[in-house]
Structures are given as structure tokens and as C-alpha cells.
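In our numbering, the protein residues as written are 2 to 79. Beta carbons are placed, not taken as given, at the ideal position from N, Cα and C, and that holds for glycine. As the structure is a prediction and not an experimental result, all values here were calculated from the model. Heads up, the thing below is written out as C-alpha cells.
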């Protein structure tokens, strides 16, 4: 699947603000939402690919309970 980045950070918004999380940002989106906070991952997709197994492997390296899958549009990755 195409992706932009995978990283460990502290959640910065919502009910889990302040909670350690791993973010997995996919790349490419077919929408142009005016509130999009990551147009760099959505409108001009990067050409990096990763398998689902590798995503799981990378995420499990972190001692973290929460994973945020965001985009781009994750459902376009099927």
C-alpha cells in the first residue's frame, strides 16, 4: 500500500489528547476536504509502498496501545 509516514508521537487532539500513539499515514486521497490538515499526503501522493505485514511489524516495535490510521484516504488502499 502507498504511505507517507509511520511514527510514534503523543496524540494532539480529541479524547486521547496526551496519549502515546503510533500514526500510520497512507498516501493519496480522492477528496479535497477544505479542513484537511495533511494535503501533502493526500493530493500529491508519495511513491513509497509498504506491505500490511511490514506495517504491523513496524507498529509492534513500539510499546504503544493506540494506532491512528489516517491519510490520505486509507480505504483507497485495498
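- A residue is called buried once 16 or more other Cβ atoms fall within 10 Å of its Cβ, and residue 25 is buried on that count.
- Residues of the same chain with a CB within less than 8 Å of the CB of residue 67, apart from the 5 flanking positions on each side, are 12, 17, 20, 21, 22 and 23 in chain order.
- For residue 55, the secondary structure class from DSSP, reduced to helix, strand or coil, is helix.
- Remark: C-beta atoms of residue 5 and residue 27 approach each other more closely than 9 Å.
- Judged by DSSP in its simplified three-state form, residue 32 adopts coil rather than helix or strand.
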